[in-house]
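A short write-up of the structure that comes next.
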Amino acid sequence: MNIQFKKGVLNLCVLALLDGQDRYGYELVQMISRRIEVSEGSVYTLLRRLTKEGFFETYLKESNEGPPRKYYRLTQSGQDYLQDLLAEWREFTENVNELIGGDGKDE
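The opening position of the sequence shown corresponds to residue 1 in full-length UniProt numbering, with each subsequent residue numbered one higher.
Pasting the structure below:
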C-alpha cells in the first residue's frame, strides 16, 4: 500500500481501535498489522504524539505474560478528534469514490 495512504489513515485507525476499549501498544500494532502493513515504531511514535497532544491517557496494568503493560485510553478530546476525523474521512472517501467511479464529468 502507498506509504502516503497509510500515514493519512493511521491516526484514524488508532483512535477508532481505542474507541470504547483501552488497549496496549503491541495489541494495537497487531490489530493494525493484520490489515495494513505498518511498522511497530510508527505506531508507537504516533501513540506518544497523540498522548502528548492530550488525546490519550495512559496507565500501567499488570500482565500475566511479563512486565506491566502501558494501556491507552481515549480522553474526551480524543473522542472529539475521532469524530472529526471520521466525518472528514467519510466526506473524503465519498468524493474520491465519486471521482473514480463516475464518468469524469462534473455535474
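The beta carbon of each residue, even a glycine, is placed where N, CA and C say it ideally should be.
Item                                                                                                                                                  : Value
Could you give the distance in angstroms between the alpha-carbon of Cys-13 and the alpha-carbon of Leu-60?                                           : 22 Å
Quick check: the Cα distance between Leu-17 and Asn-64, rounded to an integer number of angstroms?                                                    : 23 Å
In the DSSP assignment, find the beta strand (DSSP E) that holds Arg-69 and state where it starts and stops.                                          : 66 to 74
With a threshold of 8 Å, are at least 3 pairs of Cβ atoms found where one atom belongs to the stretch 15 to 31 and the other to the stretch 74 to 89? : yes
Report the rounded CA-to-CA distance for Gly-66 versus Glu-91, giving the unit in angstroms.                                                          : 43 Å
Who are the Cβ neighbours of Ile-32 in its own chain at under 7 Å, not counting the five residues just before and after it?                           : Cys-13, Val-38, Val-43
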